[in-house]
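For the sequence shown, the working numbering gives the first residue as 2, with consecutive numbering after it. Ideal placement from N, C-alpha and C gives every residue a C-beta, glycine not left out. Quick notes on the structure that follows.
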Amino acid sequence: MVYNRQPENPSKSAKAFGPNIRVHFKNTFETAKILKNMTLRRALKYLKNVIAKKEVVPYRRFTGGVGRKAQAKAFKQTQGRWPQKSAEILIHLLKNAESNAEYKGLDIDHLVVEHIAVDRAAKMRRRTYRAHGRINAFMSSPCHVQLILGQKEEVVPHISATDASADKPKKKESKKKLKRQKAKMRD
Numbered sequence: 002m003v004y005n006r007q008p009e010n011p012s013k014s015a016k017a018f019g020p021n022i023r024v025h026f027k028n029t030f031e032t033a034k035i036l037k038n039m040t041l042r043r044a045l046k047y048l049k050n051v052i053a054k055k056e057v058v059p060y061r062r063f064t065g066g067v068g069r070k071a072q073a074k075a076f077k078q079t080q081g082r083w084p085q086k087s088a089e090i091l092i093h094l095l096k097n098a099e100s101n102a103e104y105k106g107l108d109i110d111h112l113v114v115e116h117i118a119v120d121r122a123a124k125m126r127r128r129t130y131r132a133h134g135r136i137n138a139f140m141s142s143p144c145h146v147q148l149i150l151g152q153k154e155e156v157v158p159h160i161s162a163t164d165a166s167a168d169k170p171k172k173k174e175s176k177k178k179l180k181r182q183k184a185k186m187r188d
C-alpha cells in the first residue's frame, strides 16, 4: 500500500492500513484527526470513552447539522458527536499497529500516533424508491484509513526554577541606579 507519508525512522515505527472500510468518511475523518500526536494508550482509552459517551469527538471541518455538546468545550469547540462505528474501526486499526510494533520489538508504552490519514474511497451504489415511481441514488461513503505509530524518544525533563537560577550568571545592575539608592540611604 502507498502511504501518504513515510515514517521518519522506519525501524522505530509501525504501520497499519484499512482499505475500503465501510464506515462514514466524515465521521472517521473527525475521529482520526483528534488522535494525532496522542500516545497509543491514551488514544485507545479515548476511543473507548467515545463509545461509552464519556468523551466527545469535536467536529471542526464537517460541521453542517452537527449538534452542540457541552463535552466539546474540552477541545475549545462547540460541536461534537460520538461516532460509535468510526471509533470501533480505529480501535481495531490501533490494535493492529500495536501488534505490528510488538512484532518489531518496539516499546509499546512509548508509541505515539505519528501520522493518521483518512481518504475517501470509491462510493458504493444502492437505490432508494421515491414518490411517483421515481428512483434516486443511495450511496455509501467508505474510506481508506492509514496510520503510523512512532516510538517517542525519552522526554527531556524541564529545568526547575532552582536549577535555572544556579546556572544563570548574576544580572548586572546599572551604576546610575546604585548611586541613586546610596543617595536615598544617606538622606
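| query | result |
| --- | --- |
| Own chain residues within Cβ distance below 7 Å of Lys-37, not counting five before or after | Val-114 and Ile-117 |
| Cβ shell of Val-67 (< 8 Å), same chain only, five flanking positions each side left out | Tyr-60, Gln-80, Gly-81 and Arg-82 |
| Endpoints, the alpha helix (DSSP H) within which Ser-12 is located | Careful: Ser-12 lies outside any alpha helix (DSSP H) and carries neither H nor E. |
| Cβ-based neighbour list, Ile-35, same chain, cut-off 8 Å, excluding 5 preceding and 5 following | Tyr-47, Val-58, Pro-59 and Phe-76 |
| The segment 135-147 touching the segment 174-184, judged by at least three CB pairs closer than 8 Å | no |
| Status (buried if at least 16 other CB within 10 Å, exposed otherwise) for Glu-56 | buried |
| Three-state secondary structure assigned by DSSP to Ser-141 | strand |
| Residue range of the unbroken alpha helix (DSSP H) whose run includes Glu-99 | 85-105 |
| Short Cβ contact (8 Å threshold) for Lys-98 with Thr-32 | The residue asked about is misnamed: residue 98 is Ala in this sequence, not Lys. No, Cβ-Cβ distance for Ala-98 and Thr-32 is not below 8 Å. |
| Cβ pair Leu-112, Leu-150 closer than 8 Å | yes |
| Assumed close pair Leu-95, Ala-44 - CB separation to whole angstroms, cut-off 8 Å | 6 Å |
| Alpha-carbon spacing of Glu-154 relative to Lys-13, whole angstroms | 10 Å |
| Residue range of the alpha helix (DSSP H) that includes Ile-52 | 41-52 |
| Per DSSP, cross-strand counterpart(s) of Thr-129 | Asn-137 |
| Alpha-carbon to alpha-carbon, His-93 and Tyr-130 | 35 Å |
| Contacts around Phe-30, its chain only, beta-carbon distance under 8 Å, and the 5 residues preceding and following it disregarded | Arg-62, Phe-63, Val-119 and Cys-144 |
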